[in-house]
Amino acid sequence: MADNKELKLFSDFTAPTRQEWLDKIQVDLKGADFQKKMVWRTNEGFSMQPFYLKEDVDKLPTVNALPGEYPYVRGNKKADNNWHVRQDIRCASAKEANEKALDILNRGIDSLGFFIPSGDVSAEYVETLLEGIYVECVELNFITCQKKSLELAKILVEYFKKKGADPQKVEGSISFDPIEKILTKGKDKSALLANAKEMVETLAEWPNFRAIAVNAYKLTNAGAYSYQDLGYALAWGNEYMAALTEAGVAAELAAQNIKFNLGINGVYFMEIAKLRAARMLWAQVVKQYTDDQESAKMHVCAYTTTFNQTVFDSYVNMLRSQTEAMSAALGGVESMVVTPFDAPYEIPTDFAERIARNQQLLLKEECHFNRIVDVAGGSYFIEELTSALAGQAWKLFLATEEEGGFLKAALEGKVQTAINETSVARHANAGKRKEFMLGTNQFPNFTEKSEGKAPLESKCSKCACTGDIPAIGDTRLASDFENLRLSTEKAAKVPVAFMLTIGNLAMRQARAQFSCNFLAAAGYKVIDNLGFSTVEEGVDKALEAGADIVVLCSSDDEYAEYAIPAYKYLDGRAMFVVAGAPACADDLKAAGIENFIHVRVDQLKTLKEYNAKLGI
Numbered sequence: 001m002a003d004n005k006e007l008k009l010f011s012d013f014t015a016p017t018r019q020e021w022l023d024k025i026q027v028d029l030k031g032a033d034f035q036k037k038m039v040w041r042t043n044e045g046f047s048m049q050p051f052y053l054k055e056d057v058d059k060l061p062t063v064n065a066l067p068g069e070y071p072y073v074r075g076n077k078k079a080d081n082n083w084h085v086r087q088d089i090r091c092a093s094a095k096e097a098n099e100k101a102l103d104i105l106n107r108g109i110d111s112l113g114f115f116i117p118s119g120d121v122s123a124e125y126v127e128t129l130l131e132g133i134y135v136e137c138v139e140l141n142f143i144t145c146q147k148k149s150l151e152l153a154k155i156l157v158e159y160f161k162k163k164g165a166d167p168q169k170v171e172g173s174i175s176f177d178p179i180e181k182i183l184t185k186g187k188d189k190s191a192l193l194a195n196a197k198e199m200v201e202t203l204a205e206w207p208n209f210r211a212i213a214v215n216a217y218k219l220t221n222a223g224a225y226s227y228q229d230l231g232y233a234l235a236w237g238n239e240y241m242a243a244l245t246e247a248g249v250a251a252e253l254a255a256q257n258i259k260f261n262l263g264i265n266g267v268y269f270m271e272i273a274k275l276r277a278a279r280m281l282w283a284q285v286v287k288q289y290t291d292d293q294e295s296a297k298m299h300v301c302a303y304t305t306t307f308n309q310t311v312f313d314s315y316v317n318m319l320r321s322q323t324e325a326m327s328a329a330l331g332g333v334e335s336m337v338v339t340p341f342d343a344p345y346e347i348p349t350d351f352a353e354r355i356a357r358n359q360q361l362l363l364k365e366e367c368h369f370n371r372i373v374d375v376a377g378g379s380y381f382i383e384e385l386t387s388a389l390a391g392q393a394w395k396l397f398l399a400t401e402e403e404g405g406f407l408k409a410a411l412e413g414k415v416q417t418a419i420n421e422t423s424v425a426r427h428a429n430a431g432k433r434k435e436f437m438l439g440t441n442q443f444p445n446f447t448e449k450s451e452g453k454a455p456l457e458s459k460c461s462k463c464a465c466t467g468d469i470p471a472i473g474d475t476r477l478a479s480d481f482e483n484l485r486l487s488t489e490k491a492a493k494v495p496v497a498f499m500l501t502i503g504n505l506a507m508r509q510a511r512a513q514f515s516c517n518f519l520a521a522a523g524y525k526v527i528d529n530l531g532f533s534t535v536e537e538g539v540d541k542a543l544e545a546g547a548d549i550v551v552l553c554s555s556d557d558e559y560a561e562y563a564i565p566a567y568k569y570l571d572g573r574a575m576f577v578v579a580g581a582p583a584c585a586d587d588l589k590a591a592g593i594e595n596f597i598h599v600r601v602d603q604l605k606t607l608k609e610y611n612a613k614l615g616i
C-alpha cells in the first residue's frame, strides 16, 4: 500500500526536461554567458556541465557494474570501504623506529611504513625493527635502496617463516621501483629491473605482500595534473607487467604483486573520479595479459600531496590534506598516508603526526566513510567525471605506449619534461591568482612572520644517486611567494603599504581589502583606513605612518578626480599605486602614474617589481 501511494505521489509531478533546466538557469544568470559562468573547464582538457541527468549516464559502460565486480570502478570490496591508516617512520636506528611503531600502533595506526638505510639491511636490523609487532595484524611496508630491495625481501620471508605467520594474513609491500629513480634523480636504474622476477618469486607464497611499487605520488608532488598522474601511472604499471611476463612470470602473479602509491591533490571531485577511473583502466590493462578478473584489481595506497602545502599559515595545510583524504576515502583505497601539516619546513613533530593520524580516524569513526561502498555511485556528475577523466588518461597511456613505453619515455626525459612543463604552468597560474592558495596568494595572514621557518627544499643537497637524465622537480606551488615573503622579512625595513581610502564607500572598502590581501602576500605591513575627506589628508596620514607605498582606493569614476591630485601631492615621497583598472587609466599614465593593481595583474611579477623598486 505504501509503495502504491509513493508511486502515485511521484506520478503527480512531471520530470523537467534539460531545456527547462537551462531556461531556468539562464533567467538566474540575468543575461550572463552560460559557458563562461557555469561550465567547468578542467586542466585535464575537457569541460563539465553544471548539471547532469539520468540519460547522460545511462550510456556509460560501467553504469551497471556493482562494487567488488569487474572492472572495479566502484571499488574492490563488496561489503565495506575500510582502509588501513598508515604512518611512515624514518628514525636514526631500528630500536628507535621500533619504539615509535609500538607507540603509534596504540594510537589508531594499523599500517606502518619503514625507511631502512641501505647499509642497515640485515636480518638483525629487521629483528629489532619488528620486535613486538604482530605481522599478521599490521600492514608492513618497507622502503630501502633499490639495490637492497631483493635482499630485504629474502630477509623478510625468513622472518615471517620464523614467526610462523600465515601467508594469507601477512599484508604489506616493498617499494621496489627502479623507474622512480629515473624520474626523481635522473639516474638510469633500469638494470635493476632484472631483479623484478626474483623479487616476485621470493614473495610468491605471500599473496598480500607486494613486491613491486608504482610510486606515482611523486608525479603529484611535482605538480602533475590528474590525467597525467593517472595516464602515466597506468603506463608505469604496464611497464612492470610487460617486464615480468616477458621474464616468465605468470600474468596473474605479476599483477598481484604491483602496488600503486598514488598522490591525491586538492581538486576534490576530480580525485574521487581519478581513483574510480584508475581501477577501471588498470583492469583493462591487466585484461590484455590474462582473463583472470581477480588479478585485475588495482591495489592502491594514497598519499596526500606536498605540492600545495605551504610554509606560511601552515595550519591551513590541515584543511588541504583533509579534503584530499576525503577524496581518497570516498574514491576507495586500501591504505592512506596523510602528510603532516608541517612537512614543508621541518621534520614532522609528534603533534603534527598525531593530527595526521586523527584526520583519517575522524573519517572512519565519526564520518563512517569506511562503511559505505562507492559513496559517489549514483551521482550523475561523478559518473560523468569518472568517464571523462578516464578518456583523457587513456589517451595519454596509449600515446606513451605507442612511443615505446614508459621506461623509454622516462629515459628520454619525455615524462619529466611534460610534468615540469605542467609545474611551470601551474606556478605561473598561481602568480596570476588563477590558482588560489589560501594564506599565500589569497587572504594571507597579515601579521605572520616566518620565525625561523624555511622551506626544506632550500636546504636539500643533491644526493649521490643523481644522474644526467632530466628529473622531475619537487618545488611546491607556494614556493615563489614564500621566497618573496622571506626576502621581505630579511630586508632592513619591512615596507609599509597605506590604504588611501576615499569616495564611494562600497568601492573603497572592496578595493582596500583587495589591495591589503594583494600586498600582504609579499610580507608588507598593510594599514587599512575607514576613509578620508581629501587626498591631501590621506597622504599626510600615510607619511606620518611611515608609508613606503600609498594605495589609492576609490571607484573607477572617482579616480579621474582623485588620482592625479593625490599623485602630485605625494610628490615621489612614496610609491603611488591605484587599486583598479579605470577607464581613465591612460590619462593617469600620461600624468606619470605607473602602478595599478587589479584582478588581471600578475601578482607575483608585480610584487617582485615592487620589491626591486624598494631596494629589496
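Residue numbering for the sequence shown follows this note's numbering, beginning at 1 and increasing consecutively. Glycine included, C-beta positions come from ideal geometry on N, C-alpha and C.
Shown here, SER111 sits in a strand according to DSSP, grouped into three states.
Taking a 10 Å sphere around the C-beta of ASN420, we find 16 or more other C-beta atoms and assign the residue as buried. Between TYR72 and MET298, the gap from beta carbon to beta carbon is short of 8 Å. In this structure, ARG357 lies near GLN87, with their beta-carbon atoms less than 8 Å apart. Straight across, the Cα-Cα distance linking VAL494 with THR220 is about 35 Å. Residues ALA563, TYR567, PHE576, VAL578 of the same chain have their beta carbon placed closer than 7 Å to that of ILE593, with the five preceding and five following residues left out of the count. Ranking GLN228, LYS77, LEU407, LEU105 by CA distance to the CA of VAL333 puts LYS77 first.
The Cβ atoms of THR304 and THR339 lie closer than 8 Å to each other. Following the DSSP letters along the chain, one finds GLN87 inside the beta strand (DSSP E) bounded by residues 84–89. According to the DSSP assignment, THR400 belongs to the alpha helix (DSSP H) that extends over 380–402. A direct Cα-Cα distance of roughly 16 Å separates ASP350 from SER314. In summary, PHE34 is exposed, with fewer than 16 beta-carbon neighbours lying within 10 Å of its beta-carbon over all protein chains present.
When Cβ pairs closer than 8 Å are counted between the two stretches, the stretch 469–486 is seen to touch the stretch 521–528, the count reaching three or more. Separation of the CB atoms of ALA328 and ILE264 is rounded to 5 Å, and the pair is thereby assigned contact status at 8 Å.
Just so you know, the alpha carbons of VAL300 and GLY31 end up roughly 46 Å apart.
Of the candidates ILE182, LEU150, LYS605, GLY467, the residue whose Cα lies closest to the Cα of VAL200 is LEU150. Its Cα nearest to that of LEU193, the residue ALA213 stands out among ALA213, TYR225, LYS59.
Around GLY266, the same chain offers ASN308, ARG320, THR323, GLU324 as residues with beta carbons nearer than 7 Å, after the five sequence neighbours per side are excluded. In this structure THR447 is exposed. Its beta-carbon is surrounded by fewer than 16 other beta-carbon atoms within 10 angstroms.
Going by C-alpha positions, TRP83 is about 34 Å away from ALA191.
Taken in chain order, the unbroken stretches of beta strand (DSSP E) that lie wholly in the stretch 463–519 and span 3 residues or more are 496–501. Counting only residues of its own chain and dropping the five nearest sequence neighbours on each side, VAL121 has a CB closer than 8 Å to the CB of THR144, CYS145, LYS148, GLU151, LEU152, ILE155. Under the DSSP definition of a beta bridge, ILE549 partners with ALA497, MET575. Within the model, the alpha-carbon separation for VAL415 versus LEU112 is close to 30 Å.
Assigned with DSSP and collapsed to three states, SER173 falls in strand. Only residues of its own chain outside the window of five on either side were considered, and among them LYS449, SER450, GLY523 have a CB closer than 7 Å to the CB of GLU489, listed in chain order. Look at LYS432 here: in three-state DSSP terms it is coil, with no helix or strand label. Counting other Cβ atoms within 10 Å of its Cβ, SER423 reaches 16 or more and is therefore classed as buried. Contact between the stretch 384–402 and the stretch 226–242 is present, with at least three C-beta pairs closer than 8 Å. Under the three-state reduction of DSSP, GLU139 is assigned to strand.
No Cβ-Cβ contact shorter than 8 Å links THR128 with VAL157. For TYR134 and TYR159, the gap between their C-alpha atoms comes out near 12 Å.
Considering only VAL286, LEU500, LYS54, ARG600, the residue with the shortest C-alpha distance to GLU536 is LEU500.
Judged by DSSP in its simplified three-state form, PHE269 adopts helix. Scanning its chain for C-beta atoms nearer than 7 Å, with the 5 sequence neighbours on each side dropped, one finds around LEU183 the residues LYS218, ALA410, VAL415, GLN416, ALA471, ILE472, in chain order. ALA399 sits exposed, since fewer than 16 C-beta atoms from the chains shown fall within 10 Å of its C-beta.
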